[in-house]
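Asks: Chains as they are written, first to last, in our numbering: chain W, 1 to 463; chain B, 1001 to 1463.
There are 2 protein chains.
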Amino acid sequence: MTERLVVIGGDAGGMTAASQARRRRGPDELEIVVFERGGDTSYSACGIPYWIGEVVDTRAELVVRTPEEFRERQDIDARIHHEVVAIDTAARTVRVRDLGSGGEDDHGYDQLLIATGASPQRPDLPGIDGPAVFGVQTLDDGQAIIDHLAGLELDRAPRAVVVGAGYIGLEIAEAFVTRGIEVHVVERSPRPMSTIDPDMGDRIAAAMAGMGIELHVSTAVSAIEHDEAGRVRAVVTDAGELVADVVVLGTGTRPNSDLARDAGIPTGATGGIVVDVRQRTPVDGVWAAGDCAEVHHLVTRRPAAIALGTIANKTGRVAGINLGGGYETFPGVLGTAITKLCGVEIGRTGLGEDDARAAGYEPVCVVVESTTTAGYWPTAEPIAVKLIAERHTGRLLGGQIVGEAGSAKRIDVLATALWNHMHVDDLLHVDLSYAPPFSPVWDPVLIAARKSWDAVEADRVDG
Amino acid sequence: MTERLVVIGGDAGGMTAASQARRRRGPDELEIVVFERGGDTSYSACGIPYWIGEVVDTRAELVVRTPEEFRERQDIDARIHHEVVAIDTAARTVRVRDLGSGGEDDHGYDQLLIATGASPQRPDLPGIDGPAVFGVQTLDDGQAIIDHLAGLELDRAPRAVVVGAGYIGLEIAEAFVTRGIEVHVVERSPRPMSTIDPDMGDRIAAAMAGMGIELHVSTAVSAIEHDEAGRVRAVVTDAGELVADVVVLGTGTRPNSDLARDAGIPTGATGGIVVDVRQRTPVDGVWAAGDCAEVHHLVTRRPAAIALGTIANKTGRVAGINLGGGYETFPGVLGTAITKLCGVEIGRTGLGEDDARAAGYEPVCVVVESTTTAGYWPTAEPIAVKLIAERHTGRLLGGQIVGEAGSAKRIDVLATALWNHMHVDDLLHVDLSYAPPFSPVWDPVLIAARKSWDAVEADRVDG
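Shown next, in the form of structure tokens:
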């Protein structure tokens, strides 16, 4: 008998799972229906800032596979502009609204995968729901920003205010700068990128200043003002008013788990849906993957909610293999992330200094400065590497890298080291590659490991 | 009482050891004398091709620290142009020839570190010792090549023949191309870079052709001919004669261990000096580090002789810590290496397919093609990743990467994975970084791990 898999959400988590399930079970065994409330399936949300910044030319380039392709190539019935508005786990049905017609229908399922993603946090502020206050989550969001910019009729350079200096906030700020827009970034905390430690974050603030981005730290937004015609006019902060022709929210995201919660499917303190190692929720026949689901953080050993395409793809793959009758488990995440701000590259993995303390560790930290290549190589650029190691043991807890071209991808070595529970006194020996165009003879990561071990030993002697 | 440490060889291995020993024991405790037969201490041999290629402007840039600096800053008595010609391990003396005066003296030691490095293999061929047949080992070698090129008086473009298509051979070939010299590379085996598997090596041959380098594979050199004035004229091969105005040996190196062997200090089948985990030879008070010493290969679990600056620095550090009264052991190597040939980057770690079989493993191999960044990113470039995994278990045995800008440093993730005995079904989950300017959402290394695991599983079902 044919089983029916219903997938809610047609981006990375949902479509990866659908594809993996299809690889293992053909249409005779498994019918797969995907309901997506937006107009696209399987797109690169991470590419949106670069589309706005005109590095990527067209919307189509960000679409990995269209609904038609899923239907034709994989017999996956992907229905866009269809929103699931309720789940009945007892009856094993979902209520689906056709956003075109407005009509609603119930659809039965044998297995249900929730892959509803995450949405930008919208702080509860006057004016936040105005027409020129944008998130950056869907291709429609990106299109709306691009259309809005094209429609501006100004006798001066346009001005943008980005609320929040996280990864998305900085990427959008860079995009606006490349379009010749004056950019102000307002950040509540005392520094940009709260996932990067202050001693490294200062380098990012300096890079922003170098690009002409006005950064307002320790500044809270209190309202977004519009004029009588409904056009956005200014962002009001506790440090004054910033004129704005466009406002973008880079305030982080929250898992889209209300639908699940309303159906009695457990969610955790992170807001994400609770899943086991195979991506099963505690409710029979209901699975979750992608940004809406919790993940296990391998260093804190606690649940986390991290909205990242890599994790969505990986958890979607695990869910899909299991839904297809295979066996796979998801080990967890390290919180690895990377971005760039014009020439400055930023990478991080594991725990920062404060994160480590909050998780109960006592960290010993070092920052080293080196070069991306041999010092005499013409393209040698500065790179700073921070390692966070556990006191007494030297166990690696996290790493952060800020530097110029060729710096940040080195974070993957630290991620692989963390994955393997390495201690810095072992890491410093690892046979990493060297040639003058690629690194100093001691790669900066190894220099950092050496200094980190020195610091752990010195601390042990002292305390 | 002051002890006396004598170090033979003033490059990476010897000077790193001397510096580390000095950090732990001051001049009152430990006198350190270094005898170096060349004219430089602590220089970057790996940078010589780029000096010849005019990427690096001056010889001085390749010198990390001069003898004067060692003397003044660290109280290390580094004597250049002094060659140790014999060791008497019973009397604990070395016989030293002053290459300036020609005089010889005996010097006593309490501890002796042999760090004599490696030398280019000179096949026993007629004409091989001619004046325009160069190695690329010391700064003097580099200077000799540069001076020779400057002195050529030709009514046509100069022609170079490079014997051997290993790392050094290719780097020198690239250097000559950038100087507008016509380059022929003669390689005995059927493909360039014997440490890279054939399916990957073909990409390198294609890159060489694209640069205008004439590659003659499966070709043996039988003689090097000189004219009556002693000028090099041609390289004679079994496939004909190649006109040459300069000849460079890129035929690999052999450990400089004759001095040790003559003194009764054991050497292994690799030709390298036998050492324990702390870099001690079996002879009391005698240590060895750098290219002249054997290293433990972590995947074959056998001794190896690998001439690389990274390993020389690391083994020198271990020897120096121990000589300074500390405790450190050297875990071993993976055979990681990296280079580039104009735009093409090449990295490798662990075992190739044939290496793996020779070591007794049954390998399952995959090659995947991907892009260095998100496919839609303007600088996306092709990258090929080959993984060699153990049959049945999926244990990673080696990896190779050939691709364009941004490819090869990813080999470090594979090196770190190998170091930790990872299996590909674990590797595919690792939380590596992703953003569109840096990688596809599945990093090519992870794609390779996924395909590798698929291949291991398929093989297990079949056999």
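Using N, Cα and C, we set each Cβ at its ideal position, and we do this for glycine too.
To which residues of the same chain is W:Ile80 closer than 6 Å at the C-beta, ignoring the five residues directly before and after it?
Replies: Locating residue 80 of chain W in the first sequence gives position 80, where the first residue counts as 1. These residues qualify, in order along the chain: Glu36, Gly39 and Pro67.
Asks: Which residues mark the beginning and the end of the alpha helix (DSSP H) in which W:Asp140 is found?
Replies: Taking the first sequence and counting its residues from 1, one reaches residue 140 of chain W at position 140. Element bounds for W:Asp140: Leu139 to Gly151.
Asks: Determine contact between the stretch 1370-1381 of chain B and the stretch 1425-1440 of chain B, defined as no fewer than three beta-carbon pairs at a distance below 8 Å.
Replies: Because the criterion of three Cβ pairs below 8 Å is met, the stretch 1370-1381 of chain B and the stretch 1425-1440 of chain B touch.
Asks: According to the neighbour-count rule (16 or more other Cβ atoms, all chains shown, within 10 Å of its Cβ), is W:Ile82 buried or exposed?
Replies: As a position in the first sequence, residue 82 of chain W is number 82, starting the count at 1. Note that residue 82 of chain W is His in the sequence shown here, rather than Ile. Flag for W:His82 reads buried.
Asks: The alpha helix (DSSP H) that contains B:Ser1452, what's its start and end?
Replies: The sequence position of residue 1452 of chain B within the second sequence is 452, counting from 1. Unbroken alpha helix (DSSP H) run through B:Ser1452: Pro1444 to Asp1462.
Asks: Which chain B residues sit within Cβ distance under 8 Å of W:Asn256?
Replies: Looking up residue 256 of chain W in the first sequence gives position 256. Simply none; closest approach about 20 Å.
Asks: Identify the contact partners of W:Thr373 in chain B, using a Cβ-Cβ distance below 9 Å as the criterion.
Replies: To locate residue 373 of chain W, count along the first sequence from 1; it is residue 373. What W:Thr373 touches in chain B: nothing, since even the nearest Cβ is about 10 Å away.
Asks: Under the rule that 16 or more other beta-carbon atoms within 10 Å means buried, what is W:Pro49, buried or exposed?
Replies: Against the first sequence, residue 49 of chain W aligns to sequence position 49. Its Cβ being crowded by 16 or more others within 10 Å, W:Pro49 is buried.
Asks: Does W:Trp287 come within less than 8 Å of chain B when only Cβ atoms are used?
Replies: Taking the first residue of the first sequence as position 1, residue 287 of chain W is located at position 287. Closer than 8 Å: no.
Asks: Starting from W:Ser42, find everything on chain B with Cβ-Cβ shorter than 9 Å and list it in chain order.
Replies: Position 42 of the first sequence, counted from the start, is the residue given in the question as residue 42 of chain W. Within 9 Å Cβ-Cβ: nothing; W:Ser42 doesn't reach chain B, min ~11 Å.
Asks: Report the three-state DSSP secondary structure of W:Asp425 (helix, strand or coil).
Replies: Start at 1 with the first residue of the first sequence, and residue 425 of chain W comes out as number 425. Helix.
Asks: Should B:Thr1336 be flagged as near chain W, meaning a C-beta pair shorter than 8 Å?
Replies: The count along the second sequence starts at 1 and reaches residue 1336 of chain B at position 336. Judged by the 8 Å Cβ criterion, B:Thr1336 is in contact with chain W.
Asks: Can you find a C-beta in chain W that's less than 8 Å from the C-beta of B:Arg1061?
Replies: Position 61 of the second sequence holds residue 1061 of chain B. It is worth fixing the name first, because residue 1061 of chain B is Glu in this sequence and not Arg. Yes, its Cβ sits closer than 8 Å to a Cβ of chain W.
Asks: Please list the partners that B:Leu1387 has in chain W, where partner means a Cβ-to-Cβ separation under 7 Å.
Replies: Within the second sequence, numbered from 1, the residue matching residue 1387 of chain B stands at position 387. Ordered by position in chain W, no residue passes the 7 Å Cβ test against B:Leu1387, which lies about 14 Å from the chain.
Asks: Check the Cβ-Cβ distances between W:His423 and every residue of chain B, and say whether any is below 8 Å.
Replies: Sequence index remark: in the first sequence, residue 423 of chain W carries index 423 (1-based). Judged by the 8 Å Cβ criterion, W:His423 is not in contact with chain B.
Asks: Can you look up W:Ala263 in the DSSP assignment and give me helix, strand or coil?
Replies: Translated into positions along the first sequence, residue 263 of chain W becomes position 263. Residue state, collapsed to three classes: coil.
Asks: So for W:Glu69, helix, strand or coil by DSSP?
Replies: As a position in the first sequence, residue 69 of chain W is number 69, starting the count at 1. Looking at W:Glu69 - three-state DSSP - the assignment turns out to be helix.
Asks: Sort B:Leu1351, B:Trp1051, B:Leu1242 and B:Ile1224 by Cα distance to B:Gln1400 and report the nearest one.
Replies: As a position in the second sequence, residue 1400 of chain B is number 400, starting the count at 1. Minimum Cα distance to B:Gln1400 is reached at B:Leu1351.
Asks: Run through DSSP, which three-state label would W:Leu396 get?
Replies: Counting from 1 along the first sequence, the entry for residue 396 of chain W is found at position 396. W:Leu396 falls in the strand class under three-state DSSP.
Asks: Between W:Val413 and chain B, is there a C-beta pair that is closer than 8 Å?
Replies: Residue 413 of chain W sits at position 413 when you count from the first residue of the first sequence. Yes, W:Val413 lies at the interface with chain B (some Cβ there is under 8 Å from its Cβ).
Asks: Please state whether DSSP places B:Ala1288 in a helix, a strand or coil.
Replies: By 1-based counting over the second sequence, the position of residue 1288 of chain B is 288. B:Ala1288 falls in the strand class under three-state DSSP.
Asks: Could you pull the DSSP bridge partners for B:Pro1363 from this structure?
Replies: The count along the second sequence starts at 1 and reaches residue 1363 of chain B at position 363. According to DSSP, B:Pro1363 bridges with B:Glu1390.
Asks: Pull out every residue of the stretch 428-443 of chain W whose Cβ sits closer than 9 Å to any Cβ of chain B, in chain order.
Replies: Of all residues in the stretch 428-443 of chain W, Leu428, His429, Val430, Asp431, Leu432, Ser433, Tyr434, Ala435, Pro436, Pro437, Phe438, Ser439, Val441, Trp442 and Asp443 have a Cβ within less than 9 Å of some Cβ in chain B.
Asks: Within the stretch 1015-1057 of chain B, note down every full alpha helix (DSSP H) run reaching 4 residues or more, in order along the chain.
Replies: Runs found: 1048-1052.
Asks: Return the chain-ordered list of same chain residues with a C-beta closer than 6 Å to the C-beta of B:Val1084, the five sequence neighbours on each side being excluded.
Replies: The sequence position of residue 1084 of chain B within the second sequence is 84, counting from 1. Cβ neighbours of B:Val1084 beyond the five flanking positions: Ile1008, Phe1035, Val1094 and Val1096.
Asks: Does DSSP classify B:Arg1254 as helix, strand or coil?
Replies: Here residue 1254 of chain B corresponds to residue number 254 of the second sequence, with the count starting at 1. Three-state DSSP puts B:Arg1254 in a strand.
Asks: Around the C-beta of B:His1184, are 16 or more other C-beta atoms found within 10 angstroms, so that it is buried, or is it exposed?
Replies: As a working mapping, residue 1184 of chain B is identified with position 184 in the second sequence. Flag for B:His1184 reads buried.
Asks: In its own chain, which residues sit with a C-beta less than 6 Å from the C-beta of B:Ala1263, not counting the 5 before and 5 after it?
Replies: Taking the second sequence and counting its residues from 1, the one referred to as residue 1263 of chain B is at position 263. So the qualifying residues of the chain are Ile1087 and Thr1089.
Asks: If we define contact as Cβ-Cβ less than 8 Å, is B:Phe1035 a contact residue for chain W?
Replies: Here the question's residue 1035 of chain B lines up with position 35 in the second sequence. It does not: the Cβ of B:Phe1035 has no partner Cβ on chain W nearer than 8 Å.
Asks: Taking W:Ala408 as the query, report the chain B residues whose CB atoms sit under 9 Å from its CB, ordered along the chain.
Replies: As a working note, residue 408 of chain W is residue 408 in the first sequence. Going along chain B in sequence order, the residues near W:Ala408 (Cβ under 9 Å) are Ser1433, Ala1435 and Phe1438.
Asks: Buried or exposed for W:Arg159, please, with buried defined as at least 16 other CB atoms from any protein chain shown within 10 angstroms of its CB.
Replies: Position 159 of the first sequence holds residue 159 of chain W. Label assigned to W:Arg159: buried.
Asks: Taking contact to mean 3 or more Cβ pairs, one atom from each stretch, closer than 8 Å, check whether the stretch 1273-1293 of chain B and the stretch 1187-1195 of chain B are in contact.
Replies: These segments do not touch.
Asks: What residue range does the alpha helix (DSSP H) around B:Arg1122 cover?
Replies: Working through the second sequence from its first residue, we reach residue 1122 of chain B at position 122. Note, B:Arg1122: premise wrong, no alpha helix (DSSP H); not H, not E.
Asks: For B:Trp1419, would you say it is in contact with chain W, using Cβ-to-Cβ distances shorter than 8 Å as the test?
Replies: Along the second sequence, read from residue 1 onward, the residue named residue 1419 of chain B stands at position 419. Yes, because at least one Cβ of chain W sits closer than 8 Å to the Cβ of B:Trp1419.
Asks: Taking 8 Å as the limit between beta carbons, can you name the residues of its chain near B:Glu1029, skipping five residues before and five after?
Replies: For the purposes of this step, residue 1029 of chain B is taken as residue 29 along the second sequence, with counting starting at 1. Cβ neighbours of B:Glu1029 beyond the five flanking positions: Thr1002 and Glu1003.
Asks: Where does B:Leu1154 land, buried or exposed, given buried means 16+ other C-beta within 10 angstroms?
Replies: If you number the second sequence from 1, residue 1154 of chain B lands on position 154. It is exposed - the Cβ of B:Leu1154 has fewer than 16 other Cβ atoms within 10 Å.
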